[in-house]
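Residue numbers (this note's numbering): 12 to 241.
Written below as structure tokens is the structure these notes are about.
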């Protein structure tokens with residue numbers, strides 16, 4: 012007979028961000044997007060996780076894999092970039108941050124479970140995106156998707172992507188892709204967070220679950236229930 016201890020065995024498993032992350036360039040900057048579900052085995056440990064972490068004022072990282080691994084990597088990279096910024100007297104390049112992340116991932120590839128996307132804006136390259144999947148390779152690409160949900164939207168992103176999108180077009184592209192992945196992938200869910208980075212600064216946005224576009228085959232969002240006064 013199963014005991015309550017057996018039923019809670021999933022709590023001994025590491026916190027994992029089986030997730031959907033992505034970043035895309037547009038004419039003037041980049042947009043990063045992610046769902047917000049964090050899991051411990053089959054248990055949803057957090058429905059509103061922030062998987063888009065700042066590394067500097069204009070460089071951010073999307074994290075998938077082990078929450079502990081990616082959080083600690085982000086802290087180390089941010090610290091190194093802070094020292095680098097003090098030496099330079101200006102903000103770091105996106106490529107510098109990406110190569111720091113790649114070096115750390117590659118040197119510890121047998122110990123870390125981390126799939127990363129580094130994106131941002133700098134005065135040399137403008138908006139740029141670097142994908143760093145498990146194993147520590149690095150690819151400079153106009154857009155990138157990652158996490159368990161990415162398998163469901165590869166074809167969709169290939170079809171919808173176009174160069175030199177406006178900010179509004181790119182944001183709609185990111186939201187549509189992430190919402191489709193959330194509908195199909197059991198490890199992705201919650202809300203959608205986006206970060207827009209341009210030469211003018213950073214804008215964060217949050218799309219709650221009841222405003223996420225409905226995908227074909229999904230049930231409609233339930234109507235909010237009013238609480239009658241006692």
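C-beta atoms are modelled at their ideal positions from N, C-alpha and C, and glycine is treated no differently.
N- and C-terminal bounds of the beta strand (DSSP E) containing residue i
i, result
"residue 166", "Taken as a continuous stretch (DSSP letters only), residue 166 belongs to no beta strand (DSSP E), being part of the alpha helix (DSSP H) at 165-171."
"residue 98", "Unbroken run through residue 98 is the alpha helix (DSSP H), 78-99; no beta strand (DSSP E)."
"residue 51", "49-51"
"residue 142", "137-143"
"residue 57", "54-57"
DSSP bridge partner residues for residue i (one or two, in chain order)
i, result
"residue 205", "44, 216"
"residue 65", "71"
"residue 32", "45, 157"
Three-state secondary structure assigned by DSSP to residue i
i, result
"residue 111", "helix"
"residue 193", "helix"
"residue 221", "helix"
"residue 159", "helix"
"residue 14", "Confidence is the limiting factor: at residue 14 the pLDDT is only 49, short of 50, which leaves the residue's position unreliable, though a coordinate-based value still follows. The answer is coil: DSSP assigns residue 14 none of H, G, I, E or B."
"residue 183", "helix"
"residue 150", "strand"
"residue 241", "In this predicted model, residue 241 has a pLDDT of only 47, less than 50, meaning its place in the structure is not dependable; the value taken from the coordinates is given anyway. Coil at residue 241, not helix or strand."
Proximity winner among the options, relative to residue i (alpha-carbon distances)
i, options, result
"residue 47", "137, 107, 111, 73", "73"
"residue 78", "29, 150, 67", "29"
"residue 190", "151, 217, 131, 149", "217"
"residue 40", "157, 193, 153", "153"
"residue 221", "208, 203, 211, 210", "203"
"residue 298", "89, 181, 60, 69", "Since the displayed the chain opens at 12 and closes at 241, residue 298 lies outside it and no answer follows."
"residue 211", "44, 69, 87, 64", "69"
"residue 160", "87, 45, 38", "45"
"residue 201", "125, 99, 49", "49"
"residue 168", "177, 178, 155", "155"
"residue 88", "66, 43, 123, 176", "66"
"residue 148", "64, 215, 114, 208", "114"
"residue 52", "98, 197, 120, 192", "197"
"residue 146", "116, 83, 43, 215", "116"
"residue 205", "135, 106, 144, 181", "181"
Exposure of residue i, with buried meaning 16 or more beta-carbon neighbours within 10 Å
i, result
"residue 118", "exposed"
"residue 162", "exposed"
"residue 31", "buried"
"residue 132", "buried"
"residue 166", "exposed"
"residue 173", "exposed"
"residue 100", "exposed"
"residue 104", "buried"
"residue 249", "No statement about residue 249 is possible, as the shown extent of the chain runs from 12 to 241 and does not include it."
"residue 14", "With a pLDDT of 49 at residue 14, under the threshold of 50, the modelled position of that residue is not reliable, and no figure is offered here."
"residue 140", "buried"
"residue 226", "exposed"
"residue 241", "Only weak support is given to the placement of residue 241: the predicted model assigns it a pLDDT of 47, under 50, and the value that follows is read from those uncertain coordinates. So residue 241 counts as exposed."
First and last residue of the uninterrupted alpha helix (DSSP H) at residue i
i, result
"residue 129", "Note, residue 129: premise wrong, no alpha helix (DSSP H); beta strand (DSSP E) at 125-133."
Any non-hydrogen atom of the ligand FAD within 7 angstroms of residue i CB
i, result
"residue 42", "No copy of the ligand FAD appears in this structure; indeed no ligand is present at all."
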